[in-house]
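Student: In the working numbering, the protein residues as written are 52 to 697.
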RNA sequence: GCCACUUUAGCUCAGCUGGUAGAGCAACUGAUUUGUAAUCAGUAGGUCGUUGGUUCGAUUCCGACAAGUGGCUCCA
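#1: By a C-beta neighbour count over all protein chains shown, 10 Å radius and 16 as the cutoff for buried, is residue 450 buried or exposed?
#2: If you pair each beta-carbon of the segment 592 to 602 with each one of the segment 641 to 654, do three or more pairs fall below 8 Å?
#3: Answer yes if the segment 165 to 185 comes into contact with the segment 217 to 226, meaning at least three C-beta pairs across the two stretches below 8 Å, and no otherwise.
#4: Is the beta carbon of residue 475 closer than 7 Å to that of residue 417?
#5: In or out: residue 665 buried (at least 16 other Cβ within 10 Å) or exposed?
#6: Determine the extent of the alpha helix (DSSP H) in which residue 134 is found, giving its start and end residues.
#7: Does residue 666 come out as helix, strand or coil in the three-state DSSP assignment?
#8: Can you tell me which of the three DSSP states residue 423 falls into?
#9: Straight-line CA distance for residue 439 to residue 341?
#10: For residue 236, which residues of its own chain have a beta-carbon under 7 Å away from its beta-carbon, when the five flanking residues on both sides are left out?
#11: Nearest to residue 108 by CA position, among 208, 58 and 120, is which residue?
#12: In three-state DSSP terms, what is residue 295?
#13: Going by the CB atoms, is the gap between residue 523 and residue 500 shorter than 7 Å?
#14: Mind reading off the beta-carbon distance from residue 318 to residue 312? Whole number of angstroms is fine, and I expect it under 8 Å.
#15: So, residue 299 versus residue 272, is the Cβ gap smaller than 7 Å?
#16: By Cβ distance, which residues of its chain are closer than 7 Å to residue 179, with the 5 residues on each side in sequence left out?
#17: Taking the runs of the beta strand (DSSP E) that are 3 residues or longer, which of them lie wholly in the segment 609 to 635?
#18: DSSP state of residue 187, grouped into three classes?
#19: Among residues of its own chain, excluding the 5 on either side of residue 351, which ones have a beta-carbon nearer than 8 Å to its beta-carbon?
#20: By how many angstroms is the C-alpha of residue 142 removed from the C-alpha of residue 132?
#21: Please name the residue, chosen from 203, 234, 241 and 230, that lies closest to residue 187 on a Cα-to-Cα basis.
#22: Considering residue 96, what are the terminal residues of the beta strand (DSSP E) in which it resides?
#23: Can you look up residue 111 in the DSSP assignment and give me helix, strand or coil?
#24: So, is residue 689 buried or exposed, given that buried needs 16 or more other C-beta atoms within 10 angstroms?
#25: For residue 232 and residue 128, which I take to be in contact (beta-carbon distance under 8 Å), what is that distance rounded to the nearest angstrom?
#26: Less than 7 Å between C-beta atoms, sequence neighbours within five positions excluded: which residues of the same chain meet that for residue 230?
#27: Consult DSSP for residue 271 and reduce its assignment to one of helix, strand or coil.
#28: Figure out for me which residue from 639, 594 and 513 has the closest Cα to the Cα of residue 669.
#29: If residue 239 sits next to residue 156, beta carbons under 8 Å apart, how far is it from one beta carbon to the other, in whole angstroms?
#30: Taking residue 257 as part of the alpha helix (DSSP H), name the residues at either end of that continuous run.
#31: Starting from the N-terminal side, write out each stretch of the beta strand (DSSP E) that is 3 residues or longer and does not extend beyond the segment 52 to 84.
#32: Specify, as a first and last residue, the run of the alpha helix (DSSP H) that residue 199 falls within.
#33: Rounded to a whole number of angstroms, what is the C-alpha to C-alpha distance between residue 733 and residue 80?
#34: Can you give me the Cβ contacts of residue 83 inside the same chain, cut-off strictly under 8 Å, excluding the 5 residues immediately before and after it?
#35: Do you know how far the Cα of residue 355 is from the Cα of residue 671?
#36: If you scan the segment 669 to 697 from start to end, which runs of the alpha helix (DSSP H) of 4 or more residues do you find wholly inside it?
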């Protein structure tokens with residue numbers, strides 16, 4: 052007999068070899084029907100796999116992530132079975148559940164054949180048919196030699212490659228119906244629970260995520276235990292598309308792209324420009340308070356500067372090709388750092404001047420690969436909320452903390468809660484190649500950064516081998532409404548460029564010393580930040596950011612003069628207002644203004660004209676009642692000044 | 001850059017198997033002077049992304065290019 056500890060602490064005894072599914076049955080049949088997998092001693096297992104020793108057990112159903120992931124991974128196998136049926140000889144790489152969203156994919160080598168949209172519906176049908184057979188997923192351990200023989204016979208170089216990374220004794224096969232795959236598992240007990248199936252798209256994906264490798268066909272899909280849940284999920288996706296920044300950006304007149312200007316080069320329309328200017332105002336206020344000094348630098352520089360900085364060899368591919376004048380090459384700047392360093396070195400610096408903080412909303416150009424461009428989130432012309440802080444080692448931690456505090460201040464203003472701070476570290480084996488060869492400095496600065504994060508109580512993850520070549524960095528990761536991940540802002544340590552540029556200051560002992568540099572961009576770039584804000588607010592910007600803050604809606608032409616007089620008062624109070632002077636009914640004016648997501652509407656007619664008031668309507672919230680225009684302006688002015696979120 | 005798909009009026013989209021195009025909204029004109037999410041009528045709008053080819057004839061079929069979309073690689 053073995054002892055099984057349940058999550059509530061209860062201990063039950065079973066025969067050795069009992070499965071989680073058996074245990075579930077012993078509790079209740081209803082529970083057993085819902086079990087998809089089980090956590091045995093913290094590891095997710097097949098619910099049908101025999102347990103031979105004392106263990107803690109947690110049953111996993113659709114309600115647990117472990118259950119869902121097992122469900123989706125098993126669905127990938129089901130899809131593979133259908134694919135093999137439709138494309139005999141197809142070779143399979145891996146088919147995991149997606150990490151950040153519902154669903155799964157399988158990477159497949161179809162031997163040059165193509166999958167069409169119609170094929171997807173055929174595959175869906177086939178999968179549904181196979182799922183109904185309710186075939187069990189059967190696990191089988193196999194010696195490595197036998198596995199190699201099996202796949203050599205099949206001529207499957209992909210599975211042989213997978214096998215080469217596995218040790219004898221940990222190799223398992225899973226079979227359901229007519230499909231057998233090398234797989235670590237776990238799987239759900241059988242295909243029956245997979246009731247609703249949708250293959251969402253076909254894509255190419257490099258084998259092992261390496262662009263030098265062959266491209267495999269990746270089929271994405273999502274499955275649910277019921278049609279209802281699938282429908283709900285699909286509706287959710289439709290809803291998400293409505294707040295896609297590309298759609299909102301067009302509807303709200305924020306930006307536009309034009310073929311003749313070029314891909315990835317957004318044109319900021321008047322409404323977008325207002326948001327840009329408000330963000331810059333916020334940044335300037337904040338940075339001035341933080342002791343930053345503003346600078347302005349040219350958009351181009353000679354090749355020699357990028358050779359000095361070391362950027363050219365690393366970065367050339369993502370820079371616009373140079374323009375050549377009198378035998379000298381000039382590049383459009385892809386980053387502002389070297390220009391700022393030149394300002395640092397323009398004067399002799401004393402330790403008394405440090406920390407020196409140079410800030411600029413710098414315009415950069417990056418020749419991103421065409422396939423990488425994405426609305427405002429990934430562009431070729433970007434305006435970066437950039438600054439470089441030159442400081443001593445002693446000052447570093449305080450400076451880094453201050454920058455971190457600035458991030459938090461901003462995120463509070465914008466109500467940004469859903470993000471992950473990512474601490475990107477170096478990889479010791481790549482010192483001298485991908486990373487500057489300063490092992491102690493790496494460890495020292497990484498630890499300083501880690502301390503700052505710990506003290507600020509911000510949740511963060513550490514990622515090895517993601518640092519910049521000149522030092523560790525903290526990135527703020529966010530997700531676009533369609534689920535794509537982006538770095539919104541970045542805060543980087545740099546102990547390399549100072550030396551490359553020969554930057555120095557005279558320290559207390561009258562000796563030259565190289566400053567540490569912090570690169571930081573808490574508001575990222577205008578492009579990505581506004582793209583993010585559009586989705587974050589679903590276009591409903593708070594009053595301080597709204598391109599039009601107040602729309603005055605006269606009931607009829609008779610009240611146009613009164614409406615215009617209110618507009619004058621708004622202008623005098625620095626409030627961005629407009630009058631809807633169209634010959635339309637009030638219902639139509641309200642509808643159009645609501646759709647343009649203008650925060651405040653002032654409806655004015657006979658009554659309001661007589662007592663100098665306005666009927667206030669808040670976007671999305673309806674009629675708020677009447678108020679004197681003066682009082683409204685006073686309140687709105689405060690709301691704007693404080694940059695209130697609601 | 002790679003794989004796949006898409007491109008029709010300012011916008012959102014129809015247009016079966018090849019015979020040079022339609023709707024709604026927006027715009028413009030007129031009527032209406034309106035009280036909290038769409039007043040009515042009329043007018044105007046497109047060498048069907050560009051460019052080769054097949055064909056008596058191409059928006060429709062094929063190719064190239066461009067831009068966009070979904071991914072991969074990459075990234076603020």
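Ideal Cβ placement from N, Cα and C applies to all residues, glycine included.
Tutor: In brief:
#1: buried
#2: Enough Cβ pairs lie closer than 8 Å, so yes.
#3: no
#4: no
#5: Burial of residue 665 is indicated by the presence of at least 16 other C-beta atoms within 10 angstroms of its C-beta.
#6: Taken as a continuous stretch (DSSP letters only), the alpha helix (DSSP H) holding residue 134 covers 116 to 137.
#7: strand
#8: In the three-state scheme derived from DSSP, where H, G and I count as helix and E and B as strand, residue 423 is classed as helix.
#9: 13 Å
#10: Closer than 7 Å at Cβ, skipping near neighbours: 97, 190, 223 and 225.
#11: Of the residues 208, 58 and 120, the one whose Cα lies closest to the Cα of residue 108 is 58.
#12: Judged by DSSP in its simplified three-state form, residue 295 adopts coil rather than helix or strand.
#13: Yes. Within cutoff.
#14: With a Cβ gap of about 6 Å, residue 318 and residue 312 count as contacting.
#15: The answer is no: Cβ separation not under 7 Å.
#16: 248
#17: 628 to 630
#18: strand
#19: 374, 381, 382, 383 and 384
#20: 11 Å
#21: The candidate whose alpha carbon is nearest that of residue 187 is 241.
#22: 94 to 96
#23: strand
#24: exposed
#25: Between residue 128 and residue 232 the Cβ distance is about 6 Å, and since that is below 8 Å, they are a contact.
#26: 128, 131, 132 and 135
#27: strand
#28: Comparing alpha-carbon positions, the option among 639, 594 and 513 lying closest to residue 669 turns out to be 594.
#29: At roughly 18 Å, the Cβ-Cβ gap does not stay under 8 Å, so residue 239 and residue 156 are not in contact.
#30: First-last for residue 257: 247 to 257, but that is the beta strand (DSSP E), not the alpha helix (DSSP H).
#31: 53 to 56 and 62 to 65
#32: Run containing residue 199: 195 to 205, per the alpha helix (DSSP H) assignment.
#33: In the structure as shown, the chain starts at 52 and stops at 697, and residue 733 therefore has no counterpart that could be examined.
#34: When the five nearest sequence neighbours on each side are left out, the beta carbons in the same chain lying within less than 8 Å of the beta carbon of residue 83 are those of 72, 75 and 76, in order along the chain.
#35: 55 Å
#36: Qualifying alpha helix (DSSP H) stretches, in chain order: 680 to 692.
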